[in-house]
Amino acid sequence: MEKEKEIAEPENSETPKSVSSVDSSVESLTLSLGNLSLNNGTLASLWGTSIDSSNGSLAFSGDSNSTEIQEVRADIQETGYLGNSKPIPPPLYPESIWGVENARNPLFANLRLSVPAFYQPNNTDGACNSTPEGSSVKLCQDSTTCQQNQESVNGAVLCGVKIEGYDFVTLAVNEEGSKILQNILKLRHPELTSQILERVIAPLYGVPIICILMVDEWGWHVCSKLIDSCNDQQLLLILETITMHQELFINLSINLYGSKLIKKMVKLLKRSPFIYCLVVRLYAGFYTLMMDRIGSYVLSYCLDYLDITHSALLYEAAISLCLELATHVMGCISLNNLIDKIQGPHRQCLLELISNNAVFLSHDPSGNHVVQKVLALENPIFTERICSLLRGHYVRLSLQKWGSHVVEKCLKSSAMHYAVEELVNSSNNQLLQVARDQFGNYVIQRALKVTKKMNDPFHLELLRSLQPHLETLRKGYGRNVFNLIVNGVPFDEARFPSYNSIVC
Numbered sequence: 001m002e003k004e005k006e007i008a009e010p011e012n013s014e015t016p017k018s019v020s021s022v023d024s025s026v027e028s029l030t031l032s033l034g035n036l037s038l039n040n041g042t043l044a045s046l047w048g049t050s051i052d053s054s055n056g057s058l059a060f061s062g063d064s065n066s067t068e069i070q071e072v073r074a075d076i077q078e079t080g081y082l083g084n085s086k087p088i089p090p091p092l093y094p095e096s097i098w099g100v101e102n103a104r105n106p107l108f109a110n111l112r113l114s115v116p117a118f119y120q121p122n123n124t125d126g127a128c129n130s131t132p133e134g135s136s137v138k139l140c141q142d143s144t145t146c147q148q149n150q151e152s153v154n155g156a157v158l159c160g161v162k163i164e165g166y167d168f169v170t171l172a173v174n175e176e177g178s179k180i181l182q183n184i185l186k187l188r189h190p191e192l193t194s195q196i197l198e199r200v201i202a203p204l205y206g207v208p209i210i211c212i213l214m215v216d217e218w219g220w221h222v223c224s225k226l227i228d229s230c231n232d233q234q235l236l237l238i239l240e241t242i243t244m245h246q247e248l249f250i251n252l253s254i255n256l257y258g259s260k261l262i263k264k265m266v267k268l269l270k271r272s273p274f275i276y277c278l279v280v281r282l283y284a285g286f287y288t289l290m291m292d293r294i295g296s297y298v299l300s301y302c303l304d305y306l307d308i309t310h311s312a313l314l315y316e317a318a319i320s321l322c323l324e325l326a327t328h329v330m331g332c333i334s335l336n337n338l339i340d341k342i343q344g345p346h347r348q349c350l351l352e353l354i355s356n357n358a359v360f361l362s363h364d365p366s367g368n369h370v371v372q373k374v375l376a377l378e379n380p381i382f383t384e385r386i387c388s389l390l391r392g393h394y395v396r397l398s399l400q401k402w403g404s405h406v407v408e409k410c411l412k413s414s415a416m417h418y419a420v421e422e423l424v425n426s427s428n429n430q431l432l433q434v435a436r437d438q439f440g441n442y443v444i445q446r447a448l449k450v451t452k453k454m455n456d457p458f459h460l461e462l463l464r465s466l467q468p469h470l471e472t473l474r475k476g477y478g479r480n481v482f483n484l485i486v487n488g489v490p491f492d493e494a495r496f497p498s499y500n501s502i503v504c
């Protein structure tokens with residue numbers, strides 16, 4: 001009879017279960033992700049929990065014993081792995097970089113994450129996949145949003161999650177674990193985000209965990225989702241953490257994965273006054289970043305997104321390091337890209353500096369590319385300055401692999417007469433030497449074409465100067481010039497006498 005009364009009592013009672021009582025029951029349940037281990041590509045819990053790698057969901061057997069858990073925990077601390085399962089994979093970084101003494105030591109043992117989550121009671125099979133009638137657990141006001149959030153974690157039951165530090169890092173740098181953490185962060189629950197943020201900014205022998213994750217193949221995805229979930233104050237905390245040490249920040253900026261997150265921070269903080277902290281760090285490491293392909297992309301991205309006021313500091317760094325960058329094999333490429341983006345008075349200053357050093361840069365294997373870049377802008381002021389400064393150097397430059405390209409650019413510019421005049425007025429031996437050179441013959445061909453196209457009197461002067469040496473030009477690299485003269489320069493041929501008429 002007592003059992004019948006106990007069964008009948010809920011039917012007669014109309015009092016619904018309060019949300020607070022459900023929350024209390026939720027908080028009483030805990031799942032320790034610190035006790036997860038890898039077994040044949042599957043994360044397994046000490047409570048009989050298995051994580052399907054195909055969908056990242058958690059399923060509970062419902063059978064657990066606190067004594068067994070404590071025994072297995074002790075076993076993990078001694079051996080680093082559970083029973084017959086495979087050892088926990090070692091970190092992806094050598095000890096010399098991160099100072100990790102032993103990959104199996106339970107690092108960050110004192111770090112724990114406790115978060116509320118969705119509650120789903122056990123069904124007849126012991127799995128949590130249904131919600132009792134008359135009760136609900138609300139993490140948001142909109143039931144539709146709650147349903148979408150539940151789907152986003154593939155039905156995972158995270159009742160009072162506790163994540164210990166070492167296992168958090170292990171999960172984050174593992175493909176399956178990374179996806180689980182990403183799904184948790186997709187909920188954008190303030191408490192979840194706050195507590196995970198607390199984990200990632202914790203130091204590991206002086207290196208913040210977030211800096212380790214940012215350069216990892218899977219860890220950077222977790223950091224990206226974390227940044228998406230953070231508010232302004234939390235973003236500032238991340239910014240302070242990654243910019244705390246200059247060398248560490250530069251290493252992040254030149255890393256394939258880390259650079260993506262730096263650019264993401266720039267985009268999010270571009271209108272915030274705190275962007276100045278990041279710009280100062282970029283300014284301090286400007287030379288190193290410009291010498292690196294990935295690092296130069298970070299700077300280029302900043303110049304695209306930041307206004308002139310915030311970019312001014314980077315412009316000043318480019319001007320002060322202009323010649324060093326221009327004469328570096330990678331630096332000259334980065335500098336040319338920066339020329340396209342620099343604005344305001346700093347642009348004028350940079351182009352003037354390059355133009356005034358045109359002679360030095362034109363003879364340099366890397367610097368010549370920067371001079372060509374300025375000539376390609378077709379600015380009459382800087383073109384005139386470069387071409388005039390190169391007077392007396394055209395013949396010598398024509399005999400160089402890199403210098404000959406600069407001379408050809410000058411011949412195609414509005415100030416071509418400086419180069420043509422020097423070639424025409426050079427001695428016959430010098431002109432012949434240029435015409436027979438493996439690089440110089442292209443300069444002579446260019447000079448013949450542009451002077452004929454522009455109907456310049458120097459065209460006939462060049463033909464008359466080369467005519468006595470035609471037989472010599474038949475062989476070697478000179479035959480290119482010989483064929484051009486004999487066959488006729490292919491520009492406005494009717495306006496000029498043919499080679500035969502000149503000989504006669």
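With UniProt numbering, the residue at position 416 of the sequence shown is 416, and numbering never jumps.
Every residue, glycine too, gets a C-beta built ideally from N, C-alpha and C.
Please read these numbers as outputs of a predicted model, since none were measured by experiment.
| Check | Outcome |
| --- | --- |
| For the pair the stretch 361-372 and the stretch 340-348, tell me if three or more CB-CB distances fall below 8 angstroms. | no |
| Taking all protein chains shown into account, decide if Gly206 is buried (16 or more other Cβ within 10 angstroms of its Cβ) or exposed. | exposed |
| Tell me the DSSP bridge mates of Ile203? | One point to set straight first is that residue 203 is Pro, not Ile, in the sequence displayed. According to DSSP, which records beta bridges pairwise, Pro203 is partnered with Pro208. |
| If you run the structure through DSSP and keep just helix, strand and coil, what is Val215? | coil |
| Considering only C-alpha positions, which residue in the set Lys264, Asn336, Lys186, Gly331 is nearest to Tyr301? | Lys264 |
| Measure the C-alpha to C-alpha separation of Trp402 and Arg464 and round it to an integer number of angstroms. | 28 angstroms |
| Compute the distance between the beta-carbons of Arg271 and Thr243, then report whether it is under 9 angstroms. | no |
| How far does the alpha helix (DSSP H) with Phe382 in it extend, from its first residue to its last? | 380-389 |
| Taking the C-alpha atoms as reference points, what is the distance between Ser178 and Leu299? | 29 angstroms |
| In whole angstroms, give me the CA-to-CA distance for Ile250 and Gly285. | 7 angstroms |
| Count the other CB atoms within 10 Å of the CB of Ser427; is the residue buried (16 or more) or exposed (fewer)? | exposed |
| Residues in the same chain with beta-carbon distance under 6 angstroms from His469, minus the five sequence neighbours each way, listed in chain order, please. | Leu432 |
| So, with DSSP's three-state summary, where would you put Asp232? | helix |
| Using the beta-carbon count (16 or more within 10 Å), is Pro203 buried or exposed? | exposed |
| Can you tell me which of the three DSSP states Ile275 falls into? | helix |
| Starting from Asn290 and walking both ways along the alpha helix (DSSP H), at which residues does that stretch end? | A quick correction: the sequence has Met, not Asn, at residue 290. Met290 -> alpha helix (DSSP H) spans 286-290. |
| Out of Val279, Tyr287, Met214, Glu198, which has the shortest C-alpha to C-alpha gap to Cys230? | Glu198 |
| Among Trp220, Leu192, Gln195, Ile212, whose alpha-carbon lies nearest the alpha-carbon of Glu175? | Trp220 |
| Tell me whether the beta-carbon of Leu268 lies closer than 9 angstroms to the beta-carbon of Ile227. | yes |
| Out of Asn255, Ala415, Phe382, Asn483, which has the shortest C-alpha to C-alpha gap to Ile289? | One detail in the question is off: residue 289 reads as Leu in this sequence, not Ile. Of Asn255, Ala415, Phe382, Asn483, the residue nearest in Cα terms is Asn255. |
| Closest to Val222 by CA distance: which of Leu171, Thr451, Cys322, Asn441 is it? | Leu171 |
| Measure the CB-CB distance between Thr472 and Arg436 and report whether it falls below 9 angstroms. | yes |
| When you compare each of Leu484, Ile184, Leu335, Cys349 to Ser296 by their alpha carbons, which one comes out closest? | Leu335 |
| May I have the straight-line CA-CA distance separating Pro497 from Gln430, to the nearest angstrom? | No answer about Pro497 holds up, because its pLDDT of 39 lies below 50 and its placement is not dependable. |
| Residues in its own chain within less than 8 angstroms of Lys341 by CB, not counting five upstream and five downstream? | Ser300, Leu303, Asp304 |
| Name the residue from Val169, Leu237, Leu314 whose alpha carbon lies nearest to the alpha carbon of Leu213. | Val169 |
| Asn455 by DSSP, collapsed to three states: which one? | coil |
| Using only the alpha-carbon positions, how far apart do Ala318 and Lys409 sit? | 24 angstroms |
| With distances taken Cα to Cα, identify the nearest neighbour of Glu240 among Tyr276, Ser259, Lys225, Lys260. | Tyr276 |
| Asn368 lies in the alpha helix (DSSP H); which residues open and close that run? | 367-376 |
| Any idea if Asp232 is buried or exposed, counting beta-carbon neighbours within 10 angstroms, 16 or more meaning buried? | exposed |
| Secondary structure at Pro490, three-state DSSP: helix, strand or coil? | coil |
| Express the C-alpha separation of Cys322 and Asp364 in angstroms, rounding to a whole number. | 14 angstroms |
| Which first and last residues belong to the alpha helix (DSSP H) in which Ser296 is found? | 293-305 |
| Of all the options Leu448, Arg396, Tyr477, Ser404, which has the alpha carbon lying nearest to the alpha carbon of Gln438? | Tyr477 |
| Since Gly258 is in the alpha helix (DSSP H), which residue starts that stretch and which ends it? | 256-269 |
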